[in-house]
Amino acid sequence: MEETIKLIGAIMIFMGAFSLLVAAIGLLRMPDVYNRVQTGTKASTLGAIMAFIGVGLFKFESWGDGNWLGRVIILIVFILLTNPVSSHVLMRAAYFMKVPLSKLTKIDKLKEDLDNNVIKEPNNE
Amino acid sequence: MINAEMIVYVAIGMFTLAMLLAMVRFVKGPSVVDRVVAFDSLTITSLILISIIAALSNRMIYFDVAIVYGLLSFIGVIVVAKYIQKGL
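So the sequences go chain by chain: A and B. Add 36 to the 1-based position in the first sequence for our numbering, that's all there is to it. Add 1047 to the 1-based position in the second sequence for our numbering, that's all there is to it.
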């Protein structure tokens, strides 16, 4: 029983490693800053959550002594809260810094909103 | 016979490969934002590596290192984004 749970934890760590590897390949291959932010953040969040659950299951026999599960849950909640926020702030900064979009871009809703004066460009000099 | 530790060691190799690929983007990246994104990816990968090392060497104090490192990286990314927008 304990060996089976340990094996499940190891397989979840492996799945997280695969997801992070795919994220890194996407980080190399995507044409644009915005696409890179998206692929890097989304896939690495999923991979991190899977790997942390895997670590918690991998240390199943020592859940009682020493609070492994509590710390794993703290780390998961922390990553789930901070990772989208930081990527969103970074992408907004990139847009207002005028990093060029890729040639393949078809829709740019933020530019339409800026042209129609729905949103104002921040100028905090 | 497949052992649980063996799968974890293969996964550590894959994490290292992912860190190398992100490092290529970190060196190559045309703009500042590319570098910061690659740095963020590197940080998350190293968080997972720290927690796996904590699990393998059976020391729970390394988990606290991972938590503090994640907090610092979050603040770092926010500060860099604010600085790019001429806000700091």
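We treat Cβ as the ideally placed atom computed from N, Cα and C, and that holds for glycine.
Residue i in three-state terms, based on DSSP
i, result
"residue 1132/B", "coil"
"residue 1076/B", "coil"
"residue 135/A", "coil"
"residue 154/A", "coil"
"residue 1090/B", "helix"
"residue 140/A", "coil"
"residue 1097/B", "helix"
"residue 1049/B", "coil"
Cβ-heavy atom distance, residue i to the ligand PLP, below 6 Å
i, result
"residue 130/A", "Among the components modelled here there is no ligand, and therefore nothing to report on the ligand PLP."
CB contact flag (residue i, residue j, <7 Å)
i, j, result
"residue 57/A", "residue 1065/B", "yes"
"residue 93/A", "residue 45/A", "yes"
"residue 1131/B", "residue 133/A", "yes"
"residue 1094/B", "residue 1113/B", "yes"
"residue 49/A", "residue 85/A", "no"
"residue 135/A", "residue 1098/B", "no"
"residue 52/A", "residue 1088/B", "no"
"residue 69/A", "residue 129/A", "no"
"residue 1051/B", "residue 105/A", "no"
"residue 1062/B", "residue 1096/B", "yes"
"residue 41/A", "residue 96/A", "yes"
"residue 1072/B", "residue 1085/B", "yes"
"residue 1127/B", "residue 122/A", "no"
Extent of the continuous alpha helix (DSSP H) to which residue i belongs
i, result
"residue 1106/B", "Careful: residue 1106/B lies outside any alpha helix (DSSP H) and carries neither H nor E."
"residue 114/A", "104-132"
"residue 48/A", "38-65"
"residue 77/A", "69-94"
Contact set between residue i and chain B, taken where Cβ atoms lie within less than 8 Å
i, result
"residue 141/A", "Under the 8 Å cutoff, chain B gives no residues; its nearest Cβ is about 16 Å from residue 141/A."
"residue 94/A", "1051, 1055 and 1102"
Within-7 Å CB hit, residue i to chain D
i, result
"residue 49/A", "In the structure shown, chain D cannot be found, because the protein chains are A and B."
Residue i: contacting residues in chain B (beta-carbon distance under 7 Å)
i, result
"residue 89/A", "In chain order: nothing, as chain B lies at least about 11 Å away."
"residue 154/A", "Within 7 Å Cβ-Cβ: nothing; residue 154/A doesn't reach chain B, min ~19 Å."
Residues that residue i contacts on chain A, provided the C-beta gap is smaller than 9 Å
i, result
"residue 1112/B", "Those do not exist, as residue 1112/B stays about 11 Å from chain A at its closest Cβ, beyond 9 Å."
Proximal chain B residues relative to residue i, where beta-carbon distance stays under 9 Å
i, result
"residue 61/A", "1065 and 1068"
"residue 54/A", "1058 and 1061"
"residue 43/A", "1049, 1050, 1051 and 1054"
"residue 36/A", "Residue numbering for chain A in the displayed model covers 37 to 161; residue 36/A lies beyond these limits and cannot be assessed."
Cross-chain neighbours of residue i in chain A, by beta carbon under 7 Å
i, result
"residue 1071/B", "64"
"residue 1078/B", "69 and 135"
"residue 1083/B", "126"
"residue 1131/B", "129 and 133"
"residue 1125/B", "122 and 125"
What residues from the region 107-140 of chain A come within 7 Å of chain B, judged by C-beta to C-beta, listed N to C?
107, 110, 111, 114, 115, 118, 122, 125, 126, 129, 130, 132, 133 and 135
Using a Cβ-Cβ cutoff of 8 Å, what residues of the region 1086-1100 of chain B are near chain A? List them in chain order.
1087, 1088, 1091, 1092, 1094, 1095, 1098 and 1099
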